[in-house]
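Chemist: One structure is given below, represented as structure tokens, and several questions about it will come after.
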Amino acid sequence: MSSSSSALDHAAPAPRPSAARPLAPLSALAFKPGTAFTVEPVAKATVRPFDLEAEVTKSLCPRCPRVLDARLVVRRGDLYMLKECPEHGAFDLFFAHDHAFVDGVRSLTRTPEGAPLRKTRFEDFGYVRSIWIDVTDACNMACPNCFTDARFKPTREPDLEALAERLRAIPGRKPVVYLIGGEPTLRKDLVPFLATLIREGFIVKLETNGIRLVDEDYCRELKEAGLEWVYLQWDSLHEPTLEKLRARPMLDVRRRALENCIRFEFKVLLACMIERGENDGQIGELLEFARRTPHVSTVSLLPSSRLGRNELTRETDKIGASDVVAEIERTTGGQIARRDFLWFLRVFRLLYRLTGNPDYRPRSCILHLAYYHDGKTLVPLNRLFNPLTLARHWRAIPRTWPLIRSFARPDRMTYMPHVSFVVVEDFLDRQTIDLHEASNCDKAYMTDTGYSLACGYNAIERGT
Ligand code: SF4
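So the sequence shown is residues 1 to 464, counted in the numbering used here.
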């Protein structure tokens, strides 16, 4: 293992912490839960004189999870959803900004089928390649916008032996397993569980707030268990932003956790919840930080959802994927632009049609982009097809080779020091879920009785 204890010194604005400094006690949490975000019904959800009707789909009632007919309309350049519940009234709700971009995305991701959201057997989904498991509802934090509403609801902890048995029974290619929560590292039996799965050939990704990763011995245990991937909650490089988003100071924890990830050579994905007016203007800085930090392969940008507990999201026109993509373009000075995301979707669609490989199945709620960097410039890979750009960055040819090598199994991609990924992922919520899109999801939650596609599970099971 390489020692990289100073690897972050150049990147983050805060002073380097002492390794022995204890974490703040839980009693230091500033947040206590209050009311969740709700939307109010209107007298009638009608198409207004200058609205343009865009699409007809199905959605849910924001109050009860009843399935409703829904219409998407273009109003002043944005999209709105109209629907009516016989019990809870009519709803006229903001859906997304920038209908031109959203239409471009949806035209590339539309699929003819509208499959059921739940199934008993994982393999019946066909194209789904990853399984998400809530291993606990307990958490050592209390974030105001926790989409699982962890910590303030009764703790449920599934039997991990039984889960391993069910995973073992899945025929064919083994799915990627995401262990989430709550905070999964609070489970004492987590390490033997993931060691068993990895030994049996599963790729396991651990999602964590990083508090336990501050402990070097715990990281060593994870490494010896075979863990390669850490999905580390990150959000910002600024303490005031972190205190707002996470209700406690977190910069020290983040830095120490990431330093340990680098020390133990985990592949790291930085998970950033994006909240309007808080850290949406910091996206360029986050991408720049990822570019300069070893072992960080991906920045995942998650527009703050209205699922679970949502104390911060007061706006009805909440931030969404189109806003985040616009901020990427603005904060990187156009180095990564909207059109680059559309190019990747087009290529994914083509690859999916040619190969049938579900890893390339395009979806409207998750946008992927890979970019090359050999200095300060970020170059989306599509731009390397321009001969002048390629001439300037000719070293990209050997350095992006591992991407081509892992073409058939992108889930097994190795870390590449000069290639990074940015992912923008919208969590569909009950207010504006499009069930047609939700049924196109490629992630399934393992539930007590079977499997449920992720956005459907989030909107129906977690709700608001
Ligand atoms: S968002 Fe994550 S870290 Fe925060 S309370 Fe929820 S589960 Fe815990």
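Note that beta-carbon positions come from the ideal geometry of N, C-alpha and C, so glycine has one too.
What are the partner residues of A58, as DSSP defines its beta bridges?
Modeler: As written in the sequence, residue 58 is Lys, which differs from the Ala given in the question. Answer by DSSP bridge pairing, in chain order: D69.
Chemist: Determine the extent of the beta strand (DSSP E) in which F91 is found, giving its start and end residues.
Modeler: Segment G89 to A96, the beta strand (DSSP E) holding F91.
Chemist: Q468 by DSSP, collapsed to three states: which one?
Modeler: Here the chain covers residues 1 to 464 and nothing more, so residue 468 does not appear.
Chemist: Between the stretch 406 to 423 and the stretch 361 to 375, are three or more C-beta pairs nearer than 8 Å?
Modeler: Yes: at least three Cβ pairs fall under 8 Å.
Chemist: In this structure, does DSSP put T331 in helix, strand or coil?
Modeler: Helix.
Chemist: Rounded to whole angstroms, what is the Cα-Cα separation between R462 and N310?
Modeler: Spanning the two alpha carbons is a distance of roughly 12 Å.
Chemist: Quick one: grab the DSSP three-state call for D189.
Modeler: If DSSP states are grouped into helix, strand and coil, D189 belongs with coil.
Chemist: List the whole-angstrom C-beta distance separating V135 from P116, where the pair is believed to meet the contact cut-off of C-beta under 8 Å.
Modeler: Actually they do not touch by this definition, with Cβ atoms about 25 Å apart.
Chemist: Are the CB atoms of N209 and M141 within a distance shorter than 8 Å?
Modeler: In this structure, N209 lies closer than 8 Å to M141 by Cβ.
Chemist: Kindly indicate which residue of A90, I460 and T400 has the alpha-carbon position closest to the one of N382.
Modeler: The residue with the shortest Cα to Cα distance from N382 is T400.
Chemist: Hey, could you find the ends of the beta strand (DSSP E) P303 is sitting in?
Modeler: Here the beta strand (DSSP E) through P303 covers V296 to P303.
Chemist: Quick check on the burial criterion: 16 or more other C-beta atoms within 10 angstroms. Buried or exposed for V299?
Modeler: Under this definition V299 is a buried residue.
Chemist: May I ask you to verify whether the stretch 435 to 454 touches the stretch 80 to 96, counting CB pairs closer than 8 Å and requiring at least 3?
Modeler: The answer is no - the stretch 80 to 96 does not touch the stretch 435 to 454, with fewer than three Cβ pairs under 8 Å.
Chemist: Would you verify that the beta carbon of T332 is, or is not, closer than 8 Å to some beta carbon of chain C?
Modeler: Among the chains of the structure shown, chain C does not appear; only one protein chain is present.
Chemist: Between T111, L60 and E87, which lies nearest to R361 when the distance is taken from Cα to Cα?
Modeler: Nearest of T111, L60 and E87 to R361, Cα basis: T111.
Chemist: Considering only DSSP beta bridges, list what L453 is partnered with.
Modeler: The partner list for L453 (beta bridge, DSSP) reads A444.
Chemist: Keeping to the same chain, check which residues put their C-beta closer than 6 Å to that of V191; ignore five residues upstream and five downstream.
Modeler: Closer than 6 Å at the Cβ level, and outside the excluded window around V191, lie E221 and A225.
Chemist: In the DSSP output, which residue or residues are listed as bridge partners for R75?
Modeler: Paired residues: D78.
Chemist: Considering only the beta carbon of each residue, do R306 and K318 sit closer than 8 Å?
Modeler: For R306 and K318, yes; Cβs fall inside 8 Å.
Chemist: Out of L160, I170 and C139, which has the shortest C-alpha to C-alpha gap to D124?
Modeler: Selected option, being the one with the closest Cα: I170.
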